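Undergrad: Please find one structure pasted underneath; my questions will follow.
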Amino acid sequence: MVRVVLENIEKSFGALKIIDRLSLQVGDREFLTLLGPSGCGKTTTLRCIAGLEDVDEGKIIIDDRVVNHIPPQERDIAMVFQNYALYPFMSVKDNITFPLRLHKTPKDMVERKLKGVAELLHISSLLSRKPKQLSGGEQQRVAIGRALIRDPKLFLMDEPFSNLDAKLRVQTRSEIKRLQRELGITTIFVTHDQAEAMALADRIAVMDKGVLQQVGNPDQVYNAPVNVMVAQFMGSPPMNVLGGRVLRPDRVELKDGEMGGATMARDEVSRAAASASGDNVKVGFRPEDATFLVGGTDGIPAEVYVEEPSGTHVLLTLKAGENLVKVVMPAGYRAGIGAKGGISVAKGKLHVFDAQSENRIS
Ligand SMILES: Nc1ncnc2c1ncn2[C@@H]1O[C@H](COP(=O)(O)OP(=O)(O)OP(=O)(O)O)[C@@H](O)[C@H]1O
Ligand SMILES: [Mg+2]
Numbered sequence: 049m050v051r052v053v054l055e056n057i058e059k060s061f062g063a064l065k066i067i068d069r070l071s072l073q074v075g076d077r078e079f080l081t082l083l084g085p086s087g088c089g090k091t092t093t094l095r096c097i098a099g100l101e102d103v104d105e106g107k108i109i110i111d112d113r114v115v116n117h118i119p120p121q122e123r124d125i126a127m128v129f130q131n132y133a134l135y136p137f138m139s140v141k142d143n144i145t146f147p148l149r150l151h152k153t154p155k156d157m158v159e160r161k162l163k164g165v166a167e168l169l170h171i172s173s174l175l176s177r178k179p180k181q182l183s184g185g186e187q188q189r190v191a192i193g194r195a196l197i198r199d200p201k202l203f204l205m206d207e208p209f210s211n212l213d214a215k216l217r218v219q220t221r222s223e224i225k226r227l228q229r230e231l232g233i234t235t236i237f238v239t240h241d242q243a244e245a246m247a248l249a250d251r252i253a254v255m256d257k258g259v260l261q262q263v264g265n266p267d268q269v270y271n272a273p274v275n276v277m278v279a280q281f282m283g284s285p286p287m288n289v290l291g292g293r294v295l296r297p298d299r300v301e302l303k304d305g306e307m308g309g310a311t312m313a314r315d316e317v318s319r320a321a322a323s324a325s326g327d328n329v330k331v332g333f334r335p336e337d338a339t340f341l342v343g344g345t346d347g348i349p350a351e352v353y354v355e356e357p358s359g360t361h362v363l364l365t366l367k368a369g370e371n372l373v374k375v376v377m378p379a380g381y382r383a384g385i386g387a388k389g390g391i392s393v394a395k396g397k398l399h400v401f402d403a404q405s406e407n408r409i410s
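Right, dumping it as structure tokens:
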């Protein structure tokens with residue numbers, strides 16, 4: 049059983065608060081991704097868990113033990129960093145077994161563990177090579193092998209795929225997921241790539257400016273984002289968010305000028321809370337939850353601004369009043385620049401946020 053609990057941790061560098069009262073629990077064998085924009089404090093959080101930084105306030109508990117004052121090497125954590133430096137003059141074998149040799153592990157045990165890790169990572173045939181004779185993905189696996197060979201309690205990874213090209217990233221990501229399930233090591237994985245976070249995680253923790261915004265499984269975070277930040281950070285292209293006003297409990301009006309004053313019935317598009325009636329709101333919908341009908345008079349009046357085919361679908365950018373709105377259409381769709389029509393949003397797929405706090409209303 050390896051659980052990690054962060055209790056109200058705070059960390060400042062100088063006068064700058066980098067982590068603000070962060071509380072988070074990671075379950076035994078769980079794969080948790082820590083997701084957020086650049087500079088939001090992800091690496092700092094991992095470094096605090098690993099003991100490479102001290103926290104100013106709060107507790108870090110690993111395996112029911114408060115580790116705040118335990119030095120990094122006694123925390124039994126393996127960490128793979130963004131720039132996983134392999135030792136260039138050592139063979140793959142020596143790179144991987146280095147942590148064991150450092151601890152004077154008996155030779156036969158080193159050999160046995162090496163064999164296990166190499167088979168797991170499919171690098172058995174590469175053991176005598178030097179790092180520069182390996183591809184990026186192979187080097188990555190060697191770095192992971194070096195981290196895993198000590199049977200760590202906890203596995204921390206900080207954007208470990210950032211040196212890989214797009215195709216290899218997707219491939220390596222599947223392998224990491226399989227490996228983590230197979231080994232059952234509690235894992236915290238940092239990324240700023242929402243697709244990567246969704247693909248890997250049991251649960252995602254979304255951070256912004258040092259503050260935890262939402263924790264949930266990928267579906268929860270994607271389908272019920274707690275605020276505009278999470279809504280727009282999850283999904284690519286991001287959710288369309290427009291100004292609006294709740295006319296009645298069952299009707300949202302999109303702000304004049306923004307959408308030519310189009311209104312949407314609740315039963316068609318939302319579950320807007322009655323308590324917000326008359327209040328200013330922000331109205332959001334995902335590009336894949338909307339459709340555009342040329343010549344259509346229903347929904348939001350708009351015209352085609354850009355058409356981008358991708359093979360699997362066509363991404364339309366539409367001009368609706370002053371706004372540019374993205375809508376995903378099926379492959380092969382062509383309307384032509386300037387074509388006029390209406391955007392409709394699928395039933396139940398409208399997200400409504402408070403205009404000031406930007407927190408979710410419904
Ligand atoms: N040792 C340090 N001294 C001062 N400021 C620091 C230090 N380390 C990090 N910071 C600042 O803390 C903030 C958070 O940094 P951190 O590296 O945790 O971000 P991150 O979420 O990992 O970002 P990225 O996705 O770019 O890696 C940044 O504004 C950074 O400049
Ligand atoms: Mg970082």
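Residues 49 to 410 in my numbering are what the sequence shown lists, from first letter to last.
Using N, Cα and C, we set each Cβ at its ideal position, and we do this for glycine too.
In this text the structure is predicted, and so the values were computed from the model without any measurement.
What residues are listed by DSSP as bridge partners for Met-255?
TA: Paired residue(s): Leu-260.
Undergrad: If you pair each beta-carbon of the segment 273-287 with each one of the segment 393-407, do three or more pairs fall below 8 Å?
TA: The segment 273-287 vs the segment 393-407: in contact.
Undergrad: Along the chain, where does the alpha helix (DSSP H) that runs through Ile-192 open and close?
TA: Element bounds for Ile-192: 184-196.
Undergrad: For Val-375, which of Gly-389, Ser-71, Thr-339 has the nearest alpha-carbon?
TA: Comparing Cα-Cα distances from Val-375 to each of Gly-389, Ser-71, Thr-339, the minimum goes to Thr-339.
Undergrad: In the structure shown, what three-state DSSP assignment does Asp-102 receive?
TA: Three-state DSSP puts Asp-102 in coil, outside helix and strand.
Undergrad: Which residues in the same chain have their Cβ closer than 7 Å to the Cβ of Ser-60, if we skip the five residues on either side of it in sequence?
TA: Cβ neighbours of Ser-60 beyond the five flanking positions: Ile-66, Asp-104.
Undergrad: Roughly how many angstroms separate the alpha carbons of Ser-325 and Pro-266, rounded to a whole number?
TA: With a pLDDT of only 49 at Ser-325, under the threshold of 50, the placement of this residue in the model should not be trusted; the figure read from the coordinates follows. So the alpha carbons of these two residues sit roughly 31 Å apart.
Undergrad: Between Ser-172, Ile-110, Val-190, Arg-113, which lies nearest to Pro-147 when the distance is taken from Cα to Cα?
TA: The residue with the shortest Cα to Cα distance from Pro-147 is Val-190.
Undergrad: Give the secondary structure of Gly-305 by DSSP, where H, G and I count as helix, E and B as strand, and everything else as coil.
TA: At Gly-305, the pLDDT of 46 sits below 50, so the modelled position is not reliable and the matter cannot be decided from this model.
Undergrad: If we call anything under 7 Å between Cβ atoms a contact, is Gly-332 one with Ile-391?
TA: Not closer than 7 Å, so no.
Undergrad: Run the Cβ filter for me: residues under 5 Å from any heavy atom of ligand 1, listed in the order they occur in the chain.
TA: Residues with a Cβ closer than 5 Å to any heavy atom of ligand 1, in chain order: Phe-61, Ile-66, Ser-86, Gly-87, Cys-88, Gly-89, Lys-90, Thr-91, Thr-92, His-240.
Undergrad: Using DSSP's beta-bridge definition, name the partner residues of Gln-130.
TA: Its beta-bridge partners do not exist; DSSP assigns none.
Undergrad: So, at 6 Å on beta carbons, what are the nonlocal neighbours of Asn-211 in its own chain, with the 5 sequence-adjacent residues on each side left out?
TA: So the qualifying residues of the chain are Gly-184.
Undergrad: Can you check which of these residues, Val-53, Val-158, Arg-334, is closest to Asp-112 by C-alpha distance?
TA: Among Val-53, Val-158, Arg-334, the Cα nearest to that of Asp-112 is on Val-53.
Undergrad: Give the C-beta separation of Thr-81 and Thr-239 to the nearest angstrom, bearing in mind that I take them to be a contact with Cβ-Cβ under 8 Å.
TA: Right, their Cβ atoms sit about 6 Å apart.
Undergrad: Can you check whether the CB of Val-128 is closer than 7 Å to the CB of Ile-171?
TA: Cβ distance not < 7 Å, so Ile-171 and Val-128 don't count as in contact.
Undergrad: What is the DSSP secondary structure of Thr-93, reduced to helix, strand or coil?
TA: Correct three-state label for Thr-93: helix.
Undergrad: Please list the terminal residues of the continuous alpha helix (DSSP H) segment that includes Ile-236.
TA: Not the alpha helix (DSSP H): Ile-236 falls in the beta strand (DSSP E), residues 234-239.
Undergrad: Are the CB atoms of Leu-134 and Thr-145 nearer to each other than 7 Å?
TA: No, the pair does not count as a contact, with Cβ atoms beyond the cut-off.
Undergrad: Quick check on the burial criterion: 16 or more other C-beta atoms within 10 angstroms. Buried or exposed for Glu-230?
TA: It counts as exposed.
Undergrad: Going by C-alpha to C-alpha distance, which of Ala-379, Arg-77, Gly-84, Glu-336 sits closest to Glu-207?
TA: Nearest C-alpha to Glu-207: Gly-84.
Undergrad: To which residues does DSSP link Asp-206 through a beta bridge?
TA: Answer is Val-238, bridged to Asp-206.
Undergrad: Could you check which residue in Leu-64, Gly-75, Lys-397 has the C-alpha nearest to that of Ala-249?
TA: The candidate whose alpha carbon is nearest that of Ala-249 is Gly-75.
Undergrad: Thinking C-beta only, is Gln-242 closer than 7 Å to Met-282?
TA: Contact: yes.
Undergrad: With burial defined as no fewer than 16 other Cβ atoms inside 10 Å of the residue's Cβ, what is the status of Met-157: buried or exposed?
TA: Counting Cβ neighbours within 10 Å, Met-157 comes out exposed, since fewer than 16 surround it.
Undergrad: In three-state terms, what does DSSP make of Arg-113?
TA: Looking at Arg-113 - three-state DSSP - the assignment turns out to be strand.
Undergrad: If we call anything under 7 Å between Cβ atoms a contact, is Phe-203 one with Ala-98?
TA: No.
Undergrad: Excluding the 5 residues flanking Ala-321 on each side, which residues of the same chain have their C-beta closer than 6 Å to its C-beta?
TA: The pLDDT assigned to Ala-321 is 49, lower than 50, so where the model puts this residue is not dependable, and the model offers no usable value.
Undergrad: With Lys-201 as the anchor, note down where its alpha helix (DSSP H) starts and where it stops.
TA: Element bounds for Lys-201: n/a, residue is neither H nor E.
Undergrad: May I ask you to report which of helix, strand or coil DSSP gives Val-317?
TA: Because the pLDDT of Val-317 is 40, which lies under 50, any placement of that residue in the model is unreliable, and the number read from its coordinates should be weighed accordingly. Note: Val-317 maps to helix in three-state DSSP.
Undergrad: Taking the C-alpha atoms as reference points, what is the distance between Val-354 and Leu-364?
TA: Spanning the two alpha carbons is a distance of roughly 6 Å.
Undergrad: Counting along the chain, where does the beta strand (DSSP E) carrying Lys-397 start and finish?
TA: Lys-397 -> no beta strand (DSSP E), and no H or E assigned at all.
Undergrad: Express the C-alpha separation of Gly-389 and Thr-91 in angstroms, rounding to a whole number.
TA: Rounded to the nearest angstrom, the two C-alpha atoms are 46 Å apart.
Undergrad: Please go through the same chain and pick out, in chain order, the residues whose beta-carbon is closer than 6 Å to the beta-carbon of Val-317, but skip the five residues on each side of it.
TA: Its pLDDT being 40, under 50, Val-317 is placed unreliably by the model, and the measurement read from it follows with that caveat. So the qualifying residues of the chain are Val-393, Leu-398.
Undergrad: Look at Leu-290 and Leu-70 and say whether their C-beta atoms are less than 7 Å apart.
TA: Not a contact, by the Cβ cut-off of 7 Å.
Undergrad: From Arg-372 to Asp-337, what distance separates their C-alpha atoms?
TA: As written in the sequence, residue 372 is Leu, which differs from the Arg given in the question. For Leu-372 and Asp-337, the distance between alpha carbons rounds to 16 Å.
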